[in-house]
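Novice: Here's a structure for you.
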Amino acid sequence: MGIMALRPFLYHVTLKFGQAYLWQDGDEFTLIDTGIPGSAEEISEAVQGSAIRRILITHGHEDHHGSAADIRARHGAPVHVHAADAAVVRGEARPAPPVLTEFDKPIWEHVQSLGVPEIVVPPSTVDVELAGGEVLDFGGGAQILHVAGHTPGSIAIYLPEHKVLFTGDTVANEGGVMLGVFNQDEDQALAGFRRLAELDVETACFGHGAPIVEGAGSALREAVNSHQKRRPI
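Each residue of the sequence shown is one higher than the one before, counting from 1 in full-length UniProt numbering.
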């Protein structure tokens, strides 16, 4: 585990598997995603005894909501999830499989060849079902953007006062900024990517890949413009 300050009030938490982000207001933190099950201790260590005020889940995949129940129990922090993914986080439904594109297929085959065991995620209470369009009380006013496509309930979180964007898995930074892979609806995901690229962004925090601290808006726009040129790896 490692925690790194990206800029004032914003922290990147590298977990044993995956990553999460923390936004600090005073002595309280907002947690963006929770990693796989078993990540709660690492995240609690990262905040060094401070309170986690709320948990936001960008979408219903196990590497993003896997420790939500544990962190909620430790910190009393309400879990926020888009309504379309809430049943998955509650353990009432399984996430739908991705619809693989030609670009996705070799990546998917590589992942499957690693023999990664299935992750069993403890169900979590969902305290707040989001619809998109909400403005939450952190970071000077955090806008919730519904960007369906990776999953039906995928969200991004935008802090316009600080020009910070949390993209979830709609966008990745793996060998360069790109549309995220393994989407349930590629066209919807691309529309969400285009929407995010129109924002005034300085810092972008991705579900996968290193964050971009400066100049992220230009990187997002360039990636959208070159999307049709991408080829299988």
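For every residue, glycine included, the Cβ atom is placed at its ideal position computed from N, Cα and C.
Would the beta-carbon of G180 fall within 8 Å of that of G217?
Specialist: No.
Novice: Rounding to the nearest angstrom, what Cα-Cα distance links R231 and E202 in this structure?
Specialist: Because R231 sits at a pLDDT of 43, beneath the cut-off of 50, its placement in the model cannot be relied upon, and the point is left open.
Novice: In whole angstroms, what separates the C-alpha of L114 from that of D104?
Specialist: C-alpha separation (whole angstroms): 16 Å.
Novice: Can you list, in chain order, the residues of its chain whose CB lies under 7 Å from that of A87, leaving out five sequence neighbours each side?
Specialist: Counting only Cβ-Cβ distances below 7 Å, and skipping sequence neighbours, we find A93.
Novice: Please classify I233 as buried or exposed, where buried requires at least 16 other C-beta atoms within 10 Å of its C-beta.
Specialist: Confidence is the limiting factor: at I233 the pLDDT is only 36, short of 50, which leaves the residue's position unreliable and the question unanswerable from this model.
Novice: Any idea what DSSP makes of R74, helix, strand or coil?
Specialist: Looking at R74 - three-state DSSP - the assignment turns out to be helix.
Novice: Just verifying my parser: in three-state terms, what is the DSSP assignment at F193?
Specialist: DSSP places F193 in helix when its eight states are reduced to three.
Novice: Considering Cα atoms alone, identify which of V177, L159, A204, G49 is closest to N225.
Specialist: Of V177, L159, A204, G49, the residue nearest in Cα terms is V177.
Novice: With DSSP as the reference, label H61 as helix, strand or coil.
Specialist: The answer is coil: DSSP assigns H61 none of H, G, I, E or B.
Novice: Should H75 go down as buried or exposed, given a rule of 16 or more other Cβ atoms within 10 Å for buried?
Specialist: Result: buried.
Novice: So what's N173 in DSSP terms, helix, strand or just coil?
Specialist: Strand, per DSSP.
Novice: Taking 8 Å as the threshold (C-beta atoms), are A69 and S124 in contact?
Specialist: Their beta carbons are under 8 Å apart, which means S124 touches A69 by this criterion.
Novice: Label A51 either buried or exposed according to how many other C-beta atoms from any shown protein chain fall within 10 Å of its C-beta, with 16 as the threshold for buried.
Specialist: The residue is exposed, with fewer than 16 neighbouring Cβ atoms inside 10 Å.
Novice: Can you tell me which of A5, F29, D85, V111 puts its alpha carbon nearest to the alpha carbon of G139?
Specialist: Ranking A5, F29, D85, V111 by Cα distance to G139 puts F29 first.
Novice: Assuming the contact rule is C-beta atoms closer than 8 Å, A20 and L6 should be a hit. Round their C-beta distance to whole Å, please.
Specialist: In fact, because the Cβ distance is near 13 Å, the residues do not count as touching under 8 Å.
Novice: Quick one: what's got a C-beta closer than 7 Å to E62's C-beta in the same chain, skipping five residues either side?
Specialist: Closer than 7 Å at Cβ, skipping near neighbours: I36, I119, V121.
Novice: So what does DSSP say about I233, is it helix, strand or coil?
Specialist: Low per-residue confidence applies at I233: pLDDT is 36, beneath 50, and the placement is therefore not dependable enough to give any value.
Novice: Comparing C-alpha positions only, which one of F182, K163, G192, Q184 sits nearest to C205?
Specialist: It is K163 whose Cα lies nearest to the Cα of C205.
Novice: For R53, name the three-state secondary structure that DSSP assigns.
Specialist: Of the three classes helix, strand and coil, the one that applies to R53 here is strand, per DSSP.
Novice: So Q188 packs on G215, CB below 8 Å; how close in whole Å?
Specialist: With 8 Å as the limit, Q188 and G215 do not qualify as a contact, their Cβ atoms being about 27 Å apart.
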